[in-house]
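**Q**
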Amino acid sequence: GFARSLLIDPEPGKMILFPSWMEHAVHPFYGTGQRISIAANIKVTGGRHAGSE
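As numbered in this note's numbering, residues 968 to 1020 make up the sequence shown, in order.
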């Protein structure tokens, strides 16, 4: 596995996508606004990465 971690700072309008096999977590949200989290499984059907998850 990978031994490196990465912390991504949220920004308005930023969307982060990563493969389903990658270990991930989120910290609790204590802000006054909204945090939207969307979970989905996407399969690439054409191009260089066809068949990848």
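Where is the CB? At the ideal position from N, CA and C, for every residue including glycine.
1. Would you tell me roughly how many angstroms separate the C-alpha atoms of A1007 and G1013, rounded to the nearest one?
2. Have a look at R971 and T999 and give me their C-alpha separation to the nearest angstrom.
3. Could you check if P995 belongs to the surroundings of the ligand FMN, using beta carbon to heavy atom distance under 7 Å?
4. Report the CB separation of H991 from F985 in whole angstroms; it is logged as a contact under 8 Å.
5. Taking V1011 as the reference, which of I975, Y997, S987 has the closest Cα?
**A** Short version:
1. Going by the C-alpha atoms only, they are around 18 Å apart.
2. The alpha-carbon atoms of R971 and T999 are separated by roughly 31 Å.
3. With respect to small molecules bound, the structure shown includes none, and the ligand FMN cannot be examined in it.
4. 7 Å
5. S987
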